[in-house]
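Novice: Taking the UniProt record's numbering, I'd label the letters of the sequence shown as residues 1 to 151.
Note that the Cβ used here is the ideal one computed from N, Cα and C, for glycine as well.
These figures come from a predicted structure and were not determined experimentally.
Have a look at the structure that comes next, please.
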Amino acid sequence: MGKPDIPTLSTFECRSVLDSIQNEFEQLQKEDCSLSKLQQDLTDLIAQRNILTKRKGFNEKYCVLCCSAFNLLFKRKLSCQDCNFLVCRSCSSWDYSTNQWLCKVCEKQKLFNAASRDWICNRLRTSFRHFTAAKALQNFCRNRRISDSEK
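Now the structure itself:
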């Protein structure tokens, strides 16, 4: 397949290619916005956790995230398997893939890493295989070749 001859595109075809490119650009901007918000939330939580853990013995008596005191019955100490800080049950979650407790900070970090990797993979995949504008041009060129060969 050769390069499309852009000057021979009709106004409708140019508009559909432009709309496809604009839609994909808007999708990428939405993904960037959600990732930057997640990263900002994560940065804030890490900063809060780091400030609280600088106090000697704080993490032995209190949850690093919500600052509630630990006790034997209702607020048990759970150790995050990634950062090894002690957190309460309301500030942690069970990770079924690794069968371990994770604090909300490490859980968000894991989500952010997965989302950013997925974003890169999806962007590469769409850019080279399922790029809508490229598909529109390919279909146009294929249709143009068929109509030219019929003449």
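Where Ser90 and Cys67 are concerned, what is the direct C-alpha to C-alpha distance, given to the nearest angstrom?
Specialist: For the purposes of this step, residue 90 is taken as the residue at position 90 of the sequence shown. For the purposes of this step, residue 67 is taken as the residue at position 67 of the sequence shown. Going by the C-alpha atoms only, they are around 11 Å apart.
Novice: Taking the DSSP output, what are the residues bridged to Ser79?
Specialist: Looking up residue 79 in the sequence shown gives position 79. Ser79 is bridged to Leu86.
Novice: Per DSSP, Tyr62 forms a beta bridge with which residues?
Specialist: Reading the sequence shown from its first residue, position 62 is the one you call residue 62. Partner(s): Ala69.
Novice: Rank Ser34, Asn50 and Cys88 by C-alpha distance to the C-alpha of Phe112 and give the top, closest one.
Specialist: Here the question's residue 112 lines up with position 112 in the sequence shown. For Phe112, the nearest C-alpha among the options comes from Ser34.
Novice: Once you ignore the five residues that flank Gln109 on each side, which residues in its own chain have a CB closer than 7 Å to its CB?
Specialist: Mapped onto the sequence shown, residue 109 falls at position 109. Answer for Gln109: Leu42, listed in chain order.
Novice: What is the DSSP secondary structure of Ser93, reduced to helix, strand or coil?
Specialist: Against the sequence shown, residue 93 aligns to sequence position 93. Three-state result, Ser93: strand.
Novice: Can you tell me whether DSSP reads Leu9 as helix, strand or coil?
Specialist: For the purposes of this step, residue 9 is identified with residue 9 of the sequence shown, where counting begins at 1. In the structure shown, Leu9 sits in coil (DSSP, three-state: anything other than H, G, I, E or B).
Novice: Count the C-beta pairs between the segment 96-110 and the segment 73-82 that are closer than 8 Å, then say yes if the count reaches three, no if not.
Specialist: Yes, since at least three Cβ pairs between the segment 96-110 and the segment 73-82 fall closer than 8 Å, the two stretches touch.
Novice: Near Thr98, what residues of its chain come up, given a Cβ to Cβ distance below 8 Å and the 5 sequence neighbours on each side ignored?
Specialist: Along the sequence shown, read from residue 1 onward, the residue named residue 98 stands at position 98. Only Gln81 meet the Cβ criterion.
Novice: Would you list the one or two residues that DSSP bridges to Cys103?
Specialist: Counted from its first residue, the sequence shown places residue 103 at position 103. According to DSSP, which records beta bridges pairwise, Cys103 is partnered with Ser92.
Novice: Within a Cβ cutoff of 8 Å, which residues of the same chain sit near Lys75, ignoring the five residues on either side of it in sequence?
Specialist: The residue you call residue 75 lines up with position 75 of the sequence shown. Cys63, Ser68, Ala69, Cys88 and Arg89, listed in sequence order.
Novice: How should Glu92 be labelled, buried or exposed, when 16 other C-beta atoms within 10 angstroms of its C-beta is the threshold for buried?
Specialist: On the sequence shown, position 92 is the one that residue 92 refers to. The question names Glu, yet the displayed sequence has Ser at residue 92. When all chains shown are included, Ser92 counts as buried.
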